[in-house]
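Asker: Let me begin by handing over the structure; questions about it come next.
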Amino acid sequence: MDDIKRYFSQECFASNSGMILTEVSKGYAKAEMMIEKRHLNILGTVHGGAIFTLADMAFAAASNSHGNVAVAINADISFVKAAFEGTLCAEAKETSISPKISTYVINVTDEKGDIVAIFNGMAYRKKNRLDIPEK
1 MDDIKRYFSQ ECFASNSGMI LTEVSKGYAK AEMMIEKRHL NILGTVHGGA
51 IFTLADMAFA AASNSHGNVA VAINADISFV KAAFEGTLCA EAKETSISPK
101 ISTYVINVTD EKGDIVAIFN GMAYRKKNRL DIPEK
């Protein structure tokens with residue numbers, strides 16, 4: 001799974017936002033983001049877009065972890081607790097998979113383990129394989 005982690009490390013938006021993929025296995029991924037000033041909204045809490053992007057990064061890695069190209073066809077998020085500082089973690093778990101569709105639940109938690117947001121994602125699984133370059 002190191003090849004999937006390496007592949008997603010090239011994802012510009014998330015990596016430029018300070019997000020890193022820390023774990024990947026079949027149908028599972030974990031991403032983290034240390035909260036910085038650039039992640040805060042005008043109210044001083046982590047911007048919803050930053051939380052969504054973190055969850056989406058874990059979703060993308062988990063849905064592509066089987067080696068086939070998988071693209072989001074639906075995603076929604078519920079914000080349940082504000083975050084201000086520390087590190088956020090997004091943990092994606094596959095809940096169903098078929099040849100064409102897979103679904104995931106991604107919990108975003110703070111350092112205390114409290115849920116900050118719950119993201120649900122559905123991916124369309126293409127027949128073509130990921131084009132992962134050799135090391």
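Residue numbers for the sequence shown follow the working numbering, so the first one is 1 and each next one is one higher. Note that CB positions come from ideal geometry on N, CA and C, so glycine has one too.
1) Would you please state the rounded distance, in angstroms, between the beta carbons of M34 and G48? I believe it to be under 8 Å.
2) Along the chain, which unbroken stretches of the alpha helix (DSSP H) at least 4 residues long are found entirely within the stretch 46 to 132?
3) Cutting at 8 Å between CB atoms, please list the residues of its own chain near A61, excluding the five before and the five after it.
4) Can you name, in chain order, every residue of its own chain whose Cβ lies under 8 Å from the Cβ of V80, other than the five neighbours on each side?
5) How should C89 be labelled, buried or exposed, when 16 other C-beta atoms within 10 angstroms of its C-beta is the threshold for buried?
6) Excluding five sequence neighbours on each side, which residues of the same chain lie with their C-beta closer than 7 Å to the C-beta of I73?
Answerer: In brief:
1) A Cβ-Cβ distance of about 18 Å is found for the pair M34 and G48, leaving them out of contact under the 8 Å criterion.
2) Those alpha helix (DSSP H) runs which fall completely within the stretch 46 to 132 and span 4+ residues are 48 to 64.
3) Closer than 8 Å at the Cβ level, and outside the excluded window around A61, lie I4, K5, F8, L21, V24, A29, A31, A92.
4) The answer, listed in chain order, is I115, V116, A117, I118.
5) With 16 or more other Cβ atoms within 10 Å, it is buried.
6) Excluding residues within five positions, the ones whose Cβ falls inside 7 Å are M122, A123, Y124.
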